[in-house]
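To keep things clear, I will list the structure first and then write my remarks on it.
There are 2 protein chains.
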Amino acid sequence: MTDSEDDWEGALRIAMVAPPWEEVPPRAYGGIEQMLADLITGLSGRGHEVTLIGSGSTGVPAKFLVTYPEAPSERIGESLPEVLHAAQAWRALEGMPADIVHDHSLAGPLTALGRATPTVVTCHGPAGGELGEVYRALGERVNLIAVSDAQRADAPDLNWVATVHNALDAASFPFREHKEDWVLWLGRFSHSKGPDLAIDAARAAGRRIVLAGKLTEPCERDYFEEHVRPRLGPGVSYVGEADAGRKRELLAAAHCMVFPIQWEEPFGMVVIEAMACGTPVVAIGRGAVPEIVVDGVTGFVLREAAELPAAIEAAGRLDPRACRDHVERHFGVGAMAAAYEAVYHRLLAAPRPVRLTEEPGPDRTPPGCR
Amino acid sequence: MTDSEDDWEGALRIAMVAPPWEEVPPRAYGGIEQMLADLITGLSGRGHEVTLIGSGSTGVPAKFLVTYPEAPSERIGESLPEVLHAAQAWRALEGMPADIVHDHSLAGPLTALGRATPTVVTCHGPAGGELGEVYRALGERVNLIAVSDAQRADAPDLNWVATVHNALDAASFPFREHKEDWVLWLGRFSHSKGPDLAIDAARAAGRRIVLAGKLTEPCERDYFEEHVRPRLGPGVSYVGEADAGRKRELLAAAHCMVFPIQWEEPFGMVVIEAMACGTPVVAIGRGAVPEIVVDGVTGFVLREAAELPAAIEAAGRLDPRACRDHVERHFGVGAMAAAYEAVYHRLLAAPRPVRLTEEPGPDRTPPGCR
């Protein structure tokens with residue numbers, strides 16, 4: 001992450017556009033919304049004036065402009081709330097002075113086309129698929145921030161202007177030196193997260209394993225029934241979806257966390273959460289894993305599932321303090337906020353030519369109506 | 371509808387943006403796509419150069435720019451295809467000369483904000499809900515066309531520039547003078563379309579009824595099981611979803627079509643389709659019904675369901691030829707194309723002030739990347 005304490009050049013007016021689906025910070029699940037809450041807190045702490053545009057209400061230190069008074073969580077992924085939120089955010093942005101717009105929503109960047117203020121977009125999903133194609137079409141009109149270099153490598157031709165790793169408030173995660181003897185798997189039940197590989201590896205290592213994760217979507221239930229339930233039994237227990245408090249207890253107590261991902265994970269918040277609790281991460285080295293885990297120090301970065309059992313055992317020899325230190329040093333909210341601040345200043349310093357554009361103005365004669 | 375044969379002022383370059391979900395014309399279901407195919411045919415026939423931006427392939431007389439090579443029909447309503455389609459359509463529009471952009475998609479109008487070319491948007495859904503809120507937020511940046519005056523009345527403050535009724539190619543609908551003795555209900559199985567009211571009315575009139583309609587979504591199945599299946603029996607038959615050919619046979623053969631809607635239907639294509647076949651429409655007069663059906667001539671416009679049975683009987687005294695004539699005179703593709711053409715010319719004649727806008731240009735120095 002860029003160290004940009006030196007880049008400080010004065011306070012900015014930053015408009016932050018959240019996705020419509022959850023409040024900021026989130027009441028329960030919501031990775032983007034937690035990152036956003038931390039980022040806003042960090043930027044405000046550095047003296048910037050942040051305006052948040054989002055759903056519901058908020059507890060972050062920012063002015064707040066609301067689109068949906070009640071976050072439409074149960075409609076996540078539907079096009080109409082996405083588009084309405086973007087249209088209302090655009091309208092709100094038209095009426096406020098801002099130096100920079102930082103958009104975290106899907107449809108919001110479409111409105112960047114009609115704005116002189118520079119728009120920064122954090123790519124929160126995989127850049128190799130349709131999301132990357134959206135940004136490819138928008139080209140230089142949006143300034144993309146990657147959450148990892150691995151994410152950028154999936155679509156190197158996009159208009160990336162920086163990589164800024166996600167972060168967390170380490171103070172909100174409990175450090176625990178002495179661990180219990182079981183390993184933890186935490187995530188969504190899907191092939192990409194490898195819960196079945198985690199179970200098989202724990203068994204091979206002769207360790208108990210605790211599984212915690214979301215089991216609500218039909219595809220999650222299908223995966224659980226087919227690949228996880230047959231593996232339950234002595235030493236393998238599913239404890240349901242963990243809320244914020246329970247998640248911290250599990251992360252802090254575990255011998256190690258296994259993270260046997262089967263896809264190019266763009267970041268992986270739970271990896272830094274585990275390390276913040278002093279818990280090493282035994283992971284397949286796909287996606288951003290090699291950027292986040294220090295192999296042999298804060299966990300192990302492996303090539304294949306066959307290496308998991310030995311690494312689970314070896315994790316007991318790693319120093320919990322080293323895990324915590326790594327997160328505090330490289331994945332703190334202060335560093336993330338400073339890195340984003342540096343990007344904003346860099347963009348504002350870049351020359352932007354004045355272009356003559358013909359467009360409807362407020363005093364246009366309205367066409368007659370039937 | 372505006373008669374605009376006199377407004378002819380020369381050929382226009384018209385960019386037509388379809389929704390991503392179906393081809394134009396549609397292979398099966400797709401009301402907007404059929405209207406779009408007819409409109410493009412009508413405009414091309416009047417000498418305009420139309421470019422269609424859409425999914426799959428097309429059979430209409432227009433240049434064609436593709437976003438999704440295969441129409442993502444099964445993902446209808448999802449935000450990612452909607453936004454990707456809009457982003458790619460925007461990119462395509464940037465690279466082509468056009469006098470006017472006519473957008474029929476949901477997210478597409480968000481990109482109108484960044485374009486000097488005027489954008490016309492046909493509102494294909496109810497204007498009173500979230501869709502209307504999208505257009506309210508976009509304000510004068512999009513020029514809205516209503517498909518009925520009733521639709522406009524639901525949100526009179528929006529930036530409506532005209533009402534243009536939908537239309538059809540009457541030559542593709544068979545006219546039939548002599549009818550059979552049963553009544554027809556055709557639609558989606560939902561409260562808003564009143565299939566249960568139709569059955570009860572036919573029974574009260576002592577007529578057989580044929581129901582044809584889509585029964586695929588869970589909510590449609592639920593409505594069918596609860597409100598329709600208990601009413602099936604002698605004289606009441608469900609014949610499944612009708613394809614284009616079967617729909618025409620049913621519409622042409624029926625004594626009348628019952629249209630007991632329980633919501634403010636913005637238009638109602640099946641109403642003009644029935645009349646085109648010479649079949650009177652017995653309808654509750656909500657939404658656009660009073661604008662489309664000539665009460666006592668091409669059907670009956672009623673206040674409540676209790677009036678349906680008598681009107682079903684009285685429909686036998688109406689003249690099938692009058693129904694057909696009404697559609698040919700007021701709902702033909704030629705009239706619709708002429709009315710849209712008049713709107714385009716009116717907007718292009720309105721003064722549009724030149725505004726100085728600062729924005730990133732192609733020769734901008736790229737910010738350094740990490």
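Protein sequence lines, in the order shown, are assigned to chains A and B.
Using this note's numbering, the first residue of the first sequence is number 1, and each one after it goes up by one.
Using this note's numbering, the first residue of the second sequence is number 371, and each one after it goes up by one.
Built from N, CA and C at the ideal position, the CB exists for glycine as well.
- Query: Any Cβ of chain C within less than 8 Å of the Cβ of Val134 of chain A?
  - Reply: This model lacks chain C altogether; the protein chains it does include are A and B.
- Would you grab the beta carbon distance between Ser475 of chain B and Ala388 of chain B for me? Rounded to a whole angstrom, and I think it's under 8 Å. Residue numbering aside, residue 475 of chain B sits at position 105 when the second sequence is read from its first letter. Residue numbering aside, residue 388 of chain B sits at position 18 when the second sequence is read from its first letter. That pair is a contact at about 7 Å.
- Item | Distance between Ser237 of chain A and Glu264 of chain A (C-alpha atoms, nearest Å) | As a position in the first sequence, residue 264 of chain A is number 264, starting the count at 1. As a position in the first sequence, residue 237 of chain A is number 237, starting the count at 1. Those two C-alpha atoms are separated by around 27 Å.
- Message: Contact criterion: CB-CB distance below 8 Å. Does Gly447 of chain B meet it with respect to chain A?
- Response: Here residue 447 of chain B corresponds to residue number 77 of the second sequence, with the count starting at 1. At least one chain A Cβ lies under 8 Å of Gly447 of chain B.
- Query: How would you list, in chain order, the residues of chain B whose beta-carbon sits under 7 Å from the beta-carbon of Leu113 of chain A?
  - Reply: The residue given as residue 113 of chain A occupies position 113 in the first sequence. By Cβ distance, chain B contributes Trp460, Thr481, Leu483, Gly484.
- Query: From the beta carbon of Val453 of chain B, is the nearest beta carbon of chain A less than 8 Å away?
  - Reply: One-based indexing of the second sequence puts residue 453 of chain B at position 83. Yes, because at least one Cβ of chain A sits closer than 8 Å to the Cβ of Val453 of chain B.
- Query: Taking 8 Å as the CB-CB limit, is Leu138 of chain A close to chain B?
  - Reply: Against the first sequence, residue 138 of chain A aligns to sequence position 138. For Leu138 of chain A, the answer is yes, since a Cβ of chain B falls inside 8 Å of its Cβ.
- Query: Ala87 of chain A versus chain B: which residues are under 7 Å apart at the beta carbon?
  - Reply: Walking along the first sequence from the start, residue 87 of chain A turns up at place 87. In chain order: Leu480, Val504, Ala507, Leu508.
- Give a yes or no on whether 8 Å exceeds the smallest Cβ distance from Leu39 of chain A to chain B. Here residue 39 of chain A refers to the residue found at position 39 of the first sequence. Chain B contact via Cβ: absent.
- Item | Residue environment, Leu602 of chain B, which counts as buried when at least 16 other CB atoms sit within 10 Å | On the second sequence, position 232 is the one that residue 602 of chain B refers to. Leu602 of chain B should be labelled exposed.
- Item | Whole beta strand (DSSP E) elements within the stretch 92-139 of chain A, 3-residue minimum | 100-103, 119-122
- Query: To which residues of the same chain is Trp160 of chain A closer than 7 Å at the C-beta, ignoring the five residues directly before and after it?
  - Reply: The residue given as residue 160 of chain A occupies position 160 in the first sequence. Closer than 7 Å at Cβ, skipping near neighbours: Leu144, Ala146, Arg152.
- Query: Between Pro488 of chain B and Ala482 of chain B, what straight-line distance do the alpha-carbon atoms span, to the nearest angstrom?
  - Reply: Along the second sequence, one-based indexing puts residue 488 of chain B at 118. Along the second sequence, one-based indexing puts residue 482 of chain B at 112. Approximately 8 Å between the Cα atoms of the pair.
- Item | Buried or exposed (CB count within 10 angstroms, at least 16 for buried), Arg207 of chain A | For this step, residue 207 of chain A is matched to residue 207 along the first sequence. That one is buried.
- Query: Cα-Cα, which of B:Gly400, B:Tyr710, B:Val641 is closest to His696 of chain B?
  - Reply: Taking the second sequence and counting its residues from 1, the one referred to as residue 696 of chain B is at position 326. The shortest C-alpha separation from His696 of chain B is found at B:Val641.
- Task: In the DSSP assignment, find the alpha helix (DSSP H) that holds Cys219 of chain A and state where it starts and stops.
- Result: Within the first sequence, numbered from 1, the residue matching residue 219 of chain A stands at position 219. Its alpha helix (DSSP H) spans residues 218-223.
- Item | Residue-chain proximity (Leu80 of chain A, chain B), Cβ-Cβ < 8 Å | Locating residue 80 of chain A in the first sequence gives position 80, where the first residue counts as 1. Yes, because at least one Cβ of chain B sits closer than 8 Å to the Cβ of Leu80 of chain A.
- Task: Please report how far the alpha carbon of Gln382 of chain A lies from the alpha carbon of Val228 of chain A, in whole angstroms.
- Result: Since the first residue shown for chain A is 1 and the last is 370, residue 382 of chain A is missing from the structure and cannot be characterised.
- Query: Does the beta carbon of Leu382 of chain B come closer than 8 Å to any beta carbon on chain A?
  - Reply: Residue numbering aside, residue 382 of chain B sits at position 12 when the second sequence is read from its first letter. By this cut-off, Leu382 of chain B is not an interface position.
- Query: For Leu106 of chain A, which residues in chain B fall below 8 Å Cβ to Cβ?
  - Reply: Translated into the one-based positions of the first sequence, residue 106 of chain A becomes position 106. What Leu106 of chain A touches in chain B: Ser449, Leu450, Val453.
- Pull up the distance between the alpha-carbon of Asp169 of chain A and that of Ile76 of chain A, whole angstroms please. Residue numbering aside, residue 169 of chain A sits at position 169 when the first sequence is read from its first letter. Residue numbering aside, residue 76 of chain A sits at position 76 when the first sequence is read from its first letter. Looking at the two C-alpha atoms, the distance is approximately 27 Å.
- Message: Is there a C-beta anywhere in chain A that falls below 8 Å from the one on Glu500 of chain B?
- Response: Counting from 1 along the second sequence, the entry for residue 500 of chain B is found at position 130. Chain A, which has a Cβ nearer than 8 Å to the Cβ of Glu500 of chain B, makes this yes.
- Contact check, Arg461 of chain B vs Val471 of chain B, beta carbons under 8 Å: For the purposes of this step, residue 461 of chain B is taken as the residue at position 91 of the second sequence. For the purposes of this step, residue 471 of chain B is taken as the residue at position 101 of the second sequence. No.
- Message: Using the three-state DSSP reduction, which class does Arg141 of chain A fall into: helix, strand or coil?
- Response: Here residue 141 of chain A is taken as the residue at index 141 of the first sequence, counted from 1. Three-state DSSP puts Arg141 of chain A in a helix.
- Task: May I have the straight-line CA-CA distance separating Thr365 of chain A from Val512 of chain B, to the nearest angstrom?
- Result: Here residue 365 of chain A is taken as the residue at index 365 of the first sequence, counted from 1. Here residue 512 of chain B is taken as the residue at index 142 of the second sequence, counted from 1. Low confidence applies to Thr365 of chain A: its pLDDT is 32, below 50, so where it sits in the model is not reliable enough to give any reading.
- Query: If you run the structure through DSSP and keep just helix, strand and coil, what is Leu454 of chain B?
  - Reply: Numbered from 1 along the second sequence, position 84 holds the residue referred to as residue 454 of chain B. Residue state, collapsed to three classes: helix.
- May I ask which residues mark the beginning and end of the alpha helix (DSSP H) holding Thr649 of chain B? For this step, residue 649 of chain B is matched to residue 279 along the second sequence. Thr649 of chain B -> no alpha helix (DSSP H), and no H or E assigned at all.
- Classification of Ala306 of chain A by the beta-carbon crowding that lies within 10 angstroms, buried from 16 upward: Taking the first residue of the first sequence as 1, we reach residue 306 of chain A at position 306. Ala306 of chain A is exposed by the Cβ-count criterion.
- Query: If Tyr223 of chain A sits next to Phe189 of chain A, beta carbons under 8 Å apart, how far is it from one beta carbon to the other, in whole angstroms?
  - Reply: If you number the first sequence from 1, residue 223 of chain A lands on position 223. If you number the first sequence from 1, residue 189 of chain A lands on position 189. That belief holds up - the Cβ atoms of Tyr223 of chain A and Phe189 of chain A are roughly 5 Å apart, short of 8 Å.
- Message: Just to confirm my understanding: we take Glu49 of chain A, look at its own chain, exclude 5 residues before and 5 after, and list those with CB closer than 8 Å. What are they?
- Response: Sequence index remark: in the first sequence, residue 49 of chain A carries index 49 (1-based). Excluding residues within five positions, the ones whose Cβ falls inside 8 Å are Ala11, Leu12, Arg13, Ile14, Lys63.
- Task: Might you give, ordered along the chain, the residues of its own chain that have their beta carbon closer than 7 Å to the beta carbon of Gly108 of chain A, omitting 5 neighbours on each side?
- Result: Locating residue 108 of chain A in the first sequence gives position 108, where the first residue counts as 1. Val17, Ala86, Ala89, listed in sequence order.
- Return helix, strand or coil for Asp408 of chain B, following the three-state DSSP convention. For the purposes of this step, residue 408 of chain B is identified with residue 38 of the second sequence, where counting begins at 1. Asp408 of chain B: helix per DSSP, three-state reduction.
- Message: Measuring only the C-alpha atoms, how far is Ala150 of chain A from Ala288 of chain A?
- Response: For this step, residue 150 of chain A is matched to residue 150 along the first sequence. For this step, residue 288 of chain A is matched to residue 288 along the first sequence. Taking the straight line from one Cα to the other gives about 5 Å.
- Nearest to Ser427 of chain B by CA position, among B:Leu413, B:Ala407, B:Glu393, B:Arg397, is which residue? The residue labelled residue 427 of chain B in the question sits at position 57 within the second sequence. The residue with the shortest Cα to Cα distance from Ser427 of chain B is B:Glu393.
- Closest by C-alpha distance to Asp665 of chain B, when choosing among B:Cys693, B:Ala646, B:Pro588: Here the question's residue 665 of chain B lines up with position 295 in the second sequence. Looking at the Cα atoms, B:Cys693 is the closest of the given residues.
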